[in-house]
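These notes concern the structure reproduced below.
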Amino acid sequence: MAWFQRRMSKRRLVALLVMALFVAMLIYGARVQRVRVHAADGQTVKEELRGGDLIRASVRQTIVRDPESKVIVEKDAPAAECPT
Amino acid sequence: MSELKKPAARRAAPLFRRLARLRWKVQVFSFVALNALWFERWRGYRLTNVCLPILNCHGCPAAATYCPVGVIGDMLKLRLVPWLALGTFGVVGLLFGRLSCGWVCPFGALQDLIATIPIPKLKPPRWTRFIKYAVLLGMVIIVPIAIGTETNWFFCGICPDATLLANGWRLVVEGKLIAANRLLFLALFLGLVLFVNRGFCRLVCPIGAGLALFNRVSLFSIKFDKRRCSECMQCLRRCPVEEGPMRKPRGAECIYCLKCMGCQALDFGFRDDHGEEV
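Just so you know, the sequences run in chain order L and P.
Taking the working numbering, I'd label the letters of the first sequence as residues 1184 to 1267.
Taking the working numbering, I'd label the letters of the second sequence as residues 983 to 1260.
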């Protein structure tokens, strides 16, 4: 306990607790969060994206949310090489 | 031979000079590494799925990592929570605070380069530092949800780094012209940087605003010992963001450039000071 008190200030304890929350977010984003990408018709599921692949697809805008069916569908147009 | 008896040329440079030299090396290395798609092609490692809290536009075909502004905007537009980007942002912020602004960010390095032009610098009023928080909230979070990302109101539409790297690349390699409004904003921000030290970081950058929220609790920090301070004000004079550790050792504006180092009252690192500026 003395070692803990010597090593751990209130600020550091807060930082580590909040960091645990962000690590959980990171793990959730990398491993758990999955998005089903439907074909252009909005019915058939073409693939499941997660983690970095999901980031890549959203940034390159190869997937869009269909305003009618509210599901994420594959974009017909070729991938945006430059999002800017 | 003692330190004092050595000839001036052989005496070790002050700590802040050695750190400044190291910082330039790190900034050059990070610019090459962050725009190293050649590495992916050469070795097959895929880095382009990683989001790092640094202003380095992934619109550039050479970019190796993603800028969190684009990731957050594009994922919010899809009505998805950008957990991975937020998690990375929080972990890096809590570990290092704004250290990445001062040492890694390529646009920060460009600002440091521009700051070497000998022009009298202006000191912006205190309220201007809140502009970046408004930019983060409005142009990075609210606009993608309300309008989308294909608008100039989204931050990427005015981002100078995107204009320089992504659009600059397109201009050089593919001959595509850069939109006039982008050039206007680029000129505006470069003009700002010319007259205000680290002007873009202090006034506009949404990534800096996000990381600034973690500066007070980040594990990496500057320690200031009030008892050892002789109030020479050297740290304040050298500070590019004009905050100075003797005023605010854990200030939100501090980019941990460590130019203030070199006196016995200041120290930096991960060691804990039990939250007190003694």
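Beta carbons are placed, not taken as given, at the ideal position from N, Cα and C, and that holds for glycine.
What you are looking at is a predicted structure, and each value in this text was computed from that prediction instead of being measured.
Could you pull out every residue in the same chain whose Cβ sits closer than 7 Å to the Cβ of residue i, ignoring the five residues on either side in sequence?
i, result
"residue 1243(P)", "997, 998, 1001, 1250"
Please state if the CB of residue j and the CB of residue i are separated by a distance shorter than 8 Å.
i, j, result
"residue 1200(P)", "residue 1069(P)", "no"
"residue 1232(L)", "residue 1218(L)", "yes"
"residue 1165(P)", "residue 1145(P)", "yes"
"residue 1177(P)", "residue 1104(P)", "yes"
Would you decide whether residue i is buried or exposed? Buried here means 16 or more other CB atoms lie within 10 Å of its CB.
i, result
"residue 1180(P)", "buried"
"residue 1225(P)", "buried"
"residue 1111(P)", "buried"
"residue 1184(P)", "buried"
"residue 1262(P)", "Nothing in the structure corresponds to residue 1262(P), since chain P is present only between 983 and 1260."
"residue 1154(P)", "exposed"
"residue 1322(P)", "The structure shown does not extend to residue 1322(P), since chain P is modelled only from 983 to 1260, so the question has no answer here."
"residue 1114(P)", "buried"
"residue 1193(L)", "exposed"
"residue 1193(P)", "buried"
"residue 1072(P)", "buried"
"residue 1221(P)", "buried"
Using a Cβ-Cβ cut-off of 6 Å (strictly less than) and excluding sequence neighbours within five positions of residue i, which residues of its own chain qualify?
i, result
"residue 1198(P)", "1232"
"residue 1048(P)", "1033, 1040"
"residue 1230(L)", "1220"
Taking the alpha carbon of residue i as the point to measure from, which residue in the options has its own alpha carbon closest?
i, options, result
"residue 1247(P)", "1146(P), 1057(P), 1212(P)", "1212(P)"
"residue 1227(L)", "1216(L), 1217(L), 1254(L)", "1254(L)"
"residue 1156(P)", "1178(P), 1043(P), 1013(P)", "1043(P)"
"residue 1050(P)", "1229(P), 1191(P), 1223(P)", "1191(P)"
"residue 1219(P)", "1204(P), 1230(P), 1241(P), 1007(P)", "1241(P)"
"residue 1206(P)", "1229(P), 1092(P), 1216(P), 1005(P)", "1229(P)"
Going by DSSP in three states, residue i sits in which element: helix, strand or coil?
i, result
"residue 1104(P)", "coil"
"residue 1052(P)", "helix"
"residue 1256(L)", "strand"
"residue 1224(L)", "coil"
"residue 1138(P)", "helix"
"residue 1246(L)", "strand"
Near residue i, which residues of its chain fall below 8 Å by C-beta distance, leaving aside the five closest residues on each side in sequence?
i, result
"residue 1202(P)", "1077, 1078, 1079, 1081, 1238, 1250, 1251, 1252"
"residue 1090(P)", "1009, 1037, 1083, 1084, 1180, 1183, 1237"
"residue 1056(P)", "1126, 1131"
"residue 1216(L)", "1233, 1234, 1237"
"residue 1129(P)", "1135, 1136"
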